[in-house]
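Undergrad: Just remember that this note's numbering sits 333 ahead of the position in the sequence shown, which is counted from 1.
For each residue, glycine too, the CB sits at the ideal point set by N, CA and C.
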Amino acid sequence: MTERPQCAAYNRRMSPSYYQRHIFFCLNQRANNEACCAQHDAQAGLEHCKSRVKAAGINGPGGVRVNKAGCLDRCAGGPVAVVYPEAVWYHYVDQSDIDEIVDSHLIGGKVVERLLLSPDIGH
Ligand code: FES
């Protein structure tokens with residue numbers, strides 16, 4: 334596949350990436366009792382991740398950005414988070430799972446296999 338000229342110019346301007354990695358936590362809440370990540374205290378997961386990333390000194394440009402997200406449409410596996418640029422999807426249960434994602438993936442670049450969200454899980 335040939336790279337479009339405007340993409341090549343964009344890539345030159347934007348490389349290296351502003352952040353090394355992004356992790357997005359779904360915080361979506363549904364009012365009708367359907368499955369959603371907010372039912373599993375996703376907000377606490379986000380806050381814990383933010384504090385761990387900051388304590389590790391890897392937050393900010395060139396490092397890691399922790400972001401909240403709306404529904405990522407994988408609600409049945411909630412709570413979910415996704416790490417880019419690798420596009421690795423996680424299901425976490427507690428703070429120790431978040432710690433492992435931070436230490437292994439966000440710091441070490443190694444995917445946490447045991448927390449991977451099954452590829453067949455959707456809405
Ligand atoms: S509510 Fe979290 S993925 Fe849909």
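Whole angstroms are fine: how far does the CA of H456 sit from the CA of I391?
TA: 32 Å
Undergrad: Would you check if the region 412-419 and the region 427-444 touch, i.e. whether three or more CB-CB distances between them fall below 8 Å?
TA: yes
Undergrad: Per DSSP, what are the beta-bridge partners of L449 in this structure?
TA: Y423
Undergrad: Less than 6 Å separating the Cβ of V426 from some heavy atom of ligand 1?
TA: no
Undergrad: Using 8 Å as the threshold, is the region 422-436 in touch with the region 363-371, meaning 3 or more CB pairs across them?
TA: no
Undergrad: Return the CA-CA distance between S350 and N365, expressed in angstroms with no decimal places.
TA: About 40 Å.
Undergrad: Look up R407 in the DSSP assignment and give the residues it is bridged to.
TA: According to DSSP, R407 bridges with nothing at all.
Undergrad: Ignore the nearest five residues each way along the sequence and tell me which others in G411's own chain have a CB closer than 8 Å to its CB.
TA: For G411, where only same-chain residues beyond five positions count, the Cβ hits under 8 Å are C359, A368, C369, C370, Q372, H373, A375, H424.
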